[in-house]
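With the numbering used here applied, the sequence shown corresponds to residues 17 to 483, in that order.
Built from N, CA and C at the ideal position, the CB exists for glycine as well.
A short worksheet on the structure shown next.
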Amino acid sequence: MEEFEKTKDVETLLGDPKKAILAMAIPTIVALVAQSANNLVDAAWVAGLGTDALAAVGIVFPLFFIIIGICNGIGIGAASAIAKRIGAGDKLEADRTATHAVMLILIASAITMVVLLVLLRPLLGFMGAGASESTIEECVNYALPIIVFVVVFMLIGVLGNILRSEGAAKRSMYILILSAVINLVLDPFFIYDYGLGWGMMGAAVATVISVAIALVVILYWYFIKKDLFLKFRFKGFRFEMPIIRDIFKVGIPAALQMMVISFVVVFMNLILLQAGGDDGVAIYSSDWRILSVLMIPLFGIASGLVPVCAAAYGARRYDKVKIAFTYAVRISTLFMIVVTAITVILAPHILMIFTYDPEMEYLRPGMAEFLRIGAIFLPFVAMGAAAESLFQALGMGMRALVSTVFRNFLLIPVSYIAMLTTSGLTYIWWGSAFAEIAGSLFVAVWGFFILKVLMKEFELEKKLAGT
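In structure tokens:
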């Protein structure tokens with residue numbers, strides 16, 4: 017790859033690993049914060065339609081999780097494969113891999129749309145067992161526009177990962193912020209009677225429009241302005257199995273990782289219902305929303321680690337892989353230690369967002385207890401998340417999946433034993449913390465072991481090159 021072909025983003029990606037991690041992570045963190053804020057405000061607008069509408073959002077969520085899982089899977093697989101080719105200096109193969117990712121997501125979108133349209137009502141009936149007919153109708157109204165235009169959501173998900181694969185994390189951030197702002201502006205107009213008054217369908221349509229506008233901007237950058245590094249090569253396109261395998265060996269496990277997390281949540285809810293009834297589930301789900309927001313920095317760093325390590329691996333600069341990984345582990349762990357300290361001190365105040373209503377105030381002590389216990393495992397999760405990103409960067413998708421399965425499914429037996437042998441929820445919270453810590457440490461040690469093997473290979477290559 018000639019020097020003049022590199023964009024500033026690609027130069028950053030291939031340069032100092034520490035600077036590259038920060039350049040990738042900071043925009044991702046900002047974008048995730050904006051997205052989280054948008055989700056909260058979006059839920060607040062929907063809540064104004066009543067309990068049926070709010071329940072409908074919860075019932076429909078697993079369907080959206082499937083959509084997110086598919087597009088993130090292909091997107092992460094593509095990002096890893098593209099960054100490796102950029103690191104190896106093979107611009108043509110990087111372009112072809114990006115083109116494959118777009119074609120694969122278009123096919124996946126069409127299949128997903130048809131399957132969900134055909135099975136929509138049976139699926140909603142199953143997921144909302146016991147829900148009223150009016151709630152199911154609200155579910156249909158909310159889900160239908162998003163399913164019909166699912167290609168918009170899946171395409172922007174993959175293109176966002178492609179942007180990050182060439183180091184253009186800032187542009188990916190701009191897109192997410194743009195979409196969030198447009199959605200916040202459109203929501204009340206489409207939902208309520210002082211605008212179009214479309215209710216739940218209006219909320220979904222507003223989301224579709226906001227994402228579609230953001231998608232148009234990405235397409236403008238790639239196909240009209242043409243100021244990005246990668247070029248899509250659709251003319252004479254043919255699927256090539258080596259490229260598909262390279263995308264799928266990371267992409268399929270990445271998609272399954274999200275589904276594993278979803279299944280674990282279902283099982284944990286069943287355990288908590290037995291141990292503490294609805295209050296137990298309310299405490300667990302509400303606190304995990306907060307913990308998820310607190311983990312945004314480590315998610316941002318882990319996300320940035322994938323293209324940085326993949327590019328270094330493609331360039332056979334395993335020393336840069338080591339620098340990037342150890343730096344990511346160090347800064348994300350230190351950041352989470354600070355977050356843990358703040359959370360332990362301010363837990364009751366943080367929880368005011370969920371317990372400001374007098375009827376919910378009685379839950380505050382129990383929620384504060386779990387939030388403080390949960391905060392303890394955040395630094396350890398940072399280590400595990402970095403290791404899983406390293407596996408994805410090196411094309412070891414199955415290792416990342418095994419790591420997620422081990423780390424998450426460890427929660428279930430530990431929590432179940434705690435429920436059977438103790439009374440109350442406190443021991444379940446400590447069991448959850450133990451499972452997260454043990455699972456994350458296992459994954460982190462595995463990551464450092466893989467890195468050690470990689471460095472031995474690097475030293476051998478240097479010796480052979482010197483002879």
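(request) Have a look at G176, T151, I178 and flag the residue whose alpha-carbon is nearest the alpha-carbon of G215. (result) For this step, residue 215 is matched to residue 199 along the sequence shown. If we check each option's Cα against that of G215, T151 comes out closest.
(request) Closer than 6 Å by C-beta to V76: which residues in its own chain qualify, once you throw out the five before and the five after it? Chain order, please. (result) To locate residue 76, count along the sequence shown from 1; it is residue 60. So the list reads C155, Y158, A159, once near-sequence residues are dropped.
(request) With distances taken Cα to Cα, identify the nearest neighbour of L394 among T356, P364, A403, L362. (result) Counted from its first residue, the sequence shown places residue 394 at position 378. Here the closest residue by C-alpha is T356.
(message) On the criterion of 16 or more Cβ atoms from any shown chain inside 10 Å, does A145 qualify as buried, or is it exposed?
(response) Here residue 145 is taken as the residue at index 129 of the sequence shown, counted from 1. In this prediction, A145 scores a pLDDT of 48, lower than 50, which makes its location untrustworthy; the coordinate-derived value is nonetheless stated afterwards. With fewer than 16 Cβ atoms within 10 Å of its Cβ, A145 is classed as exposed.
(message) DSSP three-state label for F253, please.
(response) Along the sequence shown, one-based indexing puts residue 253 at 237. The answer is coil: DSSP assigns F253 none of H, G, I, E or B.
(message) Using 8 Å for Cβ pairs, my map puts I306 next to L379. What's the rounded Cβ distance?
(response) Residue 306 sits at position 290 when you count from the first residue of the sequence shown. Residue 379 sits at position 363 when you count from the first residue of the sequence shown. Going by Cβ atoms, the distance from I306 to L379 rounds to 13 Å, so no, they are not a contact pair.
(message) Please give the ranges of any alpha helix (DSSP H) in the stretch 103-166, keeping only runs that are unbroken, at least 4 residues long and fully inside the region.
(response) 107-143, 149-164
(request) Spell out a yes or no on whether the stretch 347-362 and the stretch 203-223 are touching, meaning 3 or more CB-CB pairs, one atom from each, closer than 8 Å. (result) no
(request) Can you grab the Cα-Cα spacing for the pair M189 / G93, in whole Å? (result) As a working note, residue 189 is residue 173 in the sequence shown. As a working note, residue 93 is residue 77 in the sequence shown. Answer to the nearest angstrom: the Cα atoms are 20 Å apart.
(request) Report the option in F341, P323, L140, S125 whose CA atom is closest to the CA atom of A398. (result) In the sequence shown, residue 398 corresponds to position 382, counting from 1. Selected option, being the one with the closest Cα: F341.
(request) May I ask which residues mark the beginning and end of the alpha helix (DSSP H) holding T438? (result) Residue numbering aside, residue 438 sits at position 422 when the sequence shown is read from its first letter. That residue, T438, is in no alpha helix (DSSP H); it is neither H nor E in DSSP.
(request) For my contact list, T23 and S319 are in at a C-beta cut-off of 8 Å; report their separation, rounded to the angstrom. (result) As a position in the sequence shown, residue 23 is number 7, starting the count at 1. As a position in the sequence shown, residue 319 is number 303, starting the count at 1. Going by Cβ atoms, the distance from T23 to S319 rounds to 20 Å, so no, they are not a contact pair.
(message) If the criterion is Cβ atoms closer than 8 Å, does the pair G183 and M40 meet it?
(response) The residue you call residue 183 lines up with position 167 of the sequence shown. The residue you call residue 40 lines up with position 24 of the sequence shown. Cβ atoms of G183 and M40: closer than 8 Å.
(message) The alpha helix (DSSP H) that contains P323, what's its start and end?
(response) For the purposes of this step, residue 323 is taken as residue 307 along the sequence shown, with counting starting at 1. Counting along the chain, the alpha helix (DSSP H) containing P323 begins and ends at 312-330.
(request) Note the first and the last residue of the continuous alpha helix (DSSP H) segment covering F407. (result) In the sequence shown, the residue the question calls residue 407 occupies position 391. Segment 394-409, the alpha helix (DSSP H) holding F407.
(request) Assign Q290 to one of two classes, buried (16 or more other C-beta atoms within 10 Å of its C-beta) or exposed (fewer than that). (result) Locating residue 290 in the sequence shown gives position 274, counting from the first residue. Flag for Q290 reads exposed.
(message) I need the straight-line Cα distance from D32 to D25, nearest angstrom please.
(response) Locating residue 32 in the sequence shown gives position 16, where the first residue counts as 1. Locating residue 25 in the sequence shown gives position 9, where the first residue counts as 1. The alpha-carbon atoms of D32 and D25 are separated by roughly 12 Å.
(request) Would you mind stating whether L175 and I234 have Cβ atoms separated by less than 8 Å? (result) Along the sequence shown, read from residue 1 onward, the residue named residue 175 stands at position 159. Along the sequence shown, read from residue 1 onward, the residue named residue 234 stands at position 218. In contact: L175 and I234 (Cβ atoms closer than 8 Å).
(request) Please check if any C-beta of chain C sits within less than 8 Å of the C-beta of D335. (result) Judged by its chain identifiers, the structure shown contains no chain C, having just a single protein chain.
(request) Please state whether DSSP places D32 in a helix, a strand or coil. (result) Counting from 1 along the sequence shown, the entry for residue 32 is found at position 16. Three-state result, D32: coil.
(request) Please classify A451: is it buried, with 16 or more other beta-carbons within 10 angstroms of its beta-carbon, or exposed? (result) As a working note, residue 451 is residue 435 in the sequence shown. Answer is buried; the Cβ neighbour count reaches 16.
(request) Check each candidate in V322, T442, G455, K338 and name the one with the smallest Cα separation from L387. (result) Against the sequence shown, residue 387 aligns to sequence position 371. Minimum Cα distance to L387 is reached at T442.
(message) Once DSSP output is grouped into helix, strand and coil, what is the label at K22?
(response) The residue you call residue 22 lines up with position 6 of the sequence shown. Coil.
(request) Apply the 10 Å Cβ neighbour rule to Y238 and answer buried if 16 or more other Cβ atoms are within range, or exposed otherwise. (result) Counting from one through the sequence shown, the residue named residue 238 turns up at place 222. Buried.
(message) Three or more C-beta pairs under 8 Å: does that hold for the stretch 101-112 against the stretch 419-426?
(response) no
(request) Go ahead and pull the three-state DSSP assignment for E385. (result) Within the sequence shown, numbered from 1, the residue matching residue 385 stands at position 369. In this structure, E385 counts as helix in the three-state DSSP scheme.
(message) According to DSSP, is A184 part of a helix, a strand, or is it coil?
(response) By 1-based counting over the sequence shown, the position of residue 184 is 168. Note: A184 maps to coil in three-state DSSP.
(message) For A270 and E27, I'd like the C-alpha separation in whole angstroms.
(response) One-based indexing of the sequence shown puts residue 270 at position 254. One-based indexing of the sequence shown puts residue 27 at position 11. Straight-line Cα distance between these residues: approximately 27 Å.
(message) Which of the three DSSP states is assigned to K242 in this structure?
(response) On the sequence shown, residue 242 is found 226 positions in, with the first residue counted as 1. Coil at K242, not helix or strand.
(request) Measure from the alpha carbon of C325 to the alpha carbon of each residue in V62, R101, I90, then state which is nearest. (result) Mapped onto the sequence shown, residue 325 falls at position 309. Nearest C-alpha to C325: R101.
(message) Report the CB separation of Y334 from E473 in whole angstroms; it is logged as a contact under 8 Å.
(response) Sequence index remark: in the sequence shown, residue 334 carries index 318 (1-based). Sequence index remark: in the sequence shown, residue 473 carries index 457 (1-based). Rounded, the Cβ-Cβ distance is 7 Å, consistent with contact.
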